[in-house]
Structures are given as C-alpha cells and as structure tokens.
Amino acid sequence: MMKRSLTTSFLVLSCLVPAAPAQADGPERMPQVAGQGLVSAYQALTFDTSVQLRDGRGAGRRVLWPASWKVCSQSPEAGAPLQGRHAALTVVKTHEACPA
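Take a look at the structure:
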C-alpha cells in the first residue's frame, strides 16, 4: 500500500513540474498558452520563467489549485522573445468566461 501511495504522489507532482523545451539557437520564445489550462501553461514554460498571474475578473483572487484555472491572455505574445524570463498570464476559473 505504501508503494502505491508513493507512486501516485510522484505522478501527481510530475504533472505540475514544467517541462523544459528543447533549446533552439537564438533567444527563447514565449509559447502559445492562452486558451489552455493553467497546468498546461506551466508545463509549456521553462522552470526558470517567472510567471505573474492576474485575476481576469479583477477580484484579486489567488490561484491555490492551478488545475481549476485557465489562461485567457498572455504577455509577451506567443513567439516573442522571453527577455528577462518574465511572463504575465491573465487567468479565470475554468467554468468562467474570459473577459472581452
């Protein structure tokens, strides 16, 4: 039973660890993450990218469980160089509509 718990815990945690994409020549580019779940967005970014989350409803809510949030917009735009390795994501709960 202990082995099963450890294996399950490892699988759950491994889903939250961002994957490092293969490095190409030149500056790293921002992937397209708008429209994805927040967990998928984290996985698309490298581990050393600083991510700032903004509540798309303007209520200042904090993300405690990333699996229940989705990305509405991103900065920088997809394909732009990730200078300084900073990204800002506007997020809402998965059942909410993104702001216009």
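Going by this note's numbering, the sequence shown opens with residue -2, and the numbers climb by one from there.
We put the beta carbon where it would ideally sit given N, CA and C, even for glycine.
Which residues mark the beginning and the end of the alpha helix (DSSP H) in which residue i is found?
i, result
"V36", "L35 to A41"
Sort the options by Cα distance to residue i and report the nearest one.
i, options, result
"A64", "S37, V30 and G32", "S37"
"A97", "C69, V60, P78 and H83", "C69"
"V30", "V60, R59 and A77", "A77"
"H92", "E74, P73 and G53", "G53"
Can you grab the Cα-Cα spacing for the pair residue i / residue j, in whole Å?
i, j, result
"R26", "A85", "14 angstroms"
"G55", "V48", "18 angstroms"
"R51", "G57", "7 angstroms"
"G32", "C95", "9 angstroms"
"K90", "Q71", "16 angstroms"
"Y39", "G81", "17 angstroms"
"A75", "H83", "13 angstroms"
"L35", "F44", "14 angstroms"
Taking Cβ to Cβ, would you say residue i is nearer than 8 angstroms to residue j?
i, j, result
"V88", "W66", "yes"
"A41", "P24", "no"
Sorry if obvious, but does the Cβ on residue i come closer than 7 angstroms to a heavy atom of the ligand MN?
i, result
"F44", "Ligands are entirely absent from the displayed structure, and the ligand MN is therefore not among its contents."
State the start and end residues of the unbroken beta strand (DSSP E) segment that holds residue i.
i, result
"R58", "Looking at the DSSP string, R58 is not in any beta strand (DSSP E), and its letter there is neither H nor E."
"T87", "H83 to K90"
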